[in-house]
């Protein structure tokens, strides 16, 4: 892990960024001599520690600073679609779900879609239990607890996937390039749509379930697995622990049942 004033170029080494002050970073290095959790944090190959006053003028650090994300005590999660894009842990699921919706509608536009509609949304816990499901305007919940209702409402603010398009020919090369650019080449639905349109298969309607959170959960789990030190000499770490625990409670799996129509 890097505790200097720059971030590693390799995206896999900064799936999570923890922003601390120079004093807190120095104390963490001292604690690592006798505290296993501090040592593990320093050696974690997927997490980068960053000085909040980092002087490096790289594109990434400038982007984080201009986005107001370089505040001590902030845990940042890397976007699964753009390794230079980050969100605070508490907002990661929502922001990246929004990014996925945007990517999806853009791709459908490139493939000559006519209309995209959402027929159903579902929210599940990590153990697969459905918490809330149904039409986005008339959800049905099991217990409909305060946390679940809050998370459902926050997700609704972020997703917008109802779109209609004028007639157009599919642009296969642009669509494939867009998939690659947004690290979405492994998605079977997207590849399947491109294949059908490329081969001239006259598909009129394609209905499937799109996960909004599958990709973002991978980087969030890196943050949730951290065993942060409990040393009172770094009080902000206690705050980080509390924030991560709260974020974990508010993290659910979301999926949309989507209908894509073509001309």
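Residue numbers (the working numbering): 7 to 269. Glycine included, each C-beta is placed from N, C-alpha and C at the ideal position.
With distance defined between alpha-carbon atoms, name the residue in the options nearest to residue i.
i           : options           : result
residue 185 : 111, 12, 94       : 111
residue 211 : 118, 182, 67, 54  : 118
residue 166 : 89, 176, 182, 142 : 142
residue 87  : 33, 222, 156, 248 : 222
residue 176 : 62, 237, 202      : 202
residue 168 : 79, 129, 120      : 120
residue 42  : 232, 264, 244     : 232
On the premise that residue j lies in contact with residue i, defined as a C-beta separation below 8 Å, what is that separation, rounded to the nearest angstrom?
i           : j           : result
residue 131 : residue 258 : 6 Å
residue 66  : residue 13  : 6 Å
residue 182 : residue 200 : 6 Å
residue 18  : residue 52  : 7 Å
By Cβ distance, which residues of its chain are closer than 7 Å to residue i, with the 5 residues on each side in sequence left out?
i           : result
residue 2   : The structure shown does not extend to residue 2, since the chain is modelled only from 7 to 269, so the question has no answer here.
residue 204 : 178
residue 252 : none
residue 196 : 113, 185, 190
residue 8   : Note that residue 8 scores a pLDDT of 45, beneath 50, so its modelled location is shaky; the value from the coordinates is reported in the next line. Answer for residue 8: 14, 54, 55, listed in chain order.
residue 229 : 22, 81, 83, 95, 250
residue 254 : 230
Only counting the same chain, and skipping five residues up and downstream in sequence, which positions put a Cβ closer than 6 Å to that of residue i?
i           : result
residue 225 : 21, 83, 84
residue 240 : 30, 33
What residues are listed by DSSP as bridge partners for residue i?
i           : result
residue 214 : 264
residue 96  : Note: residue 96 sits in no beta bridge, so no partner.
residue 248 : Per DSSP, none; premise fails for residue 248.
residue 141 : 144
residue 259 : 130
residue 123 : 265
residue 26  : 57
residue 169 : 122
residue 83  : 22, 93
Can you list, in chain order, the residues of its chain whose CB lies under 8 Å from that of residue i, leaving out five sequence neighbours each side?
i          : result
residue 77 : 25, 58
Would residue i and residue j qualify as a contact pair, given that the criterion is a beta-carbon distance under 8 Å?
i           : j           : result
residue 145 : residue 269 : no
residue 138 : residue 154 : yes
residue 266 : residue 108 : no
residue 47  : residue 234 : yes
residue 246 : residue 216 : no
residue 124 : residue 256 : no
residue 97  : residue 62  : no
residue 90  : residue 69  : yes
residue 242 : residue 30  : yes
residue 115 : residue 171 : yes
residue 38  : residue 45  : yes
residue 126 : residue 140 : yes
Using a Cβ cut-off of 8 Å (strictly closer), state whether residue i contacts chain C.
i          : result
residue 29 : No chain C is present in this structure, which holds just one protein chain.
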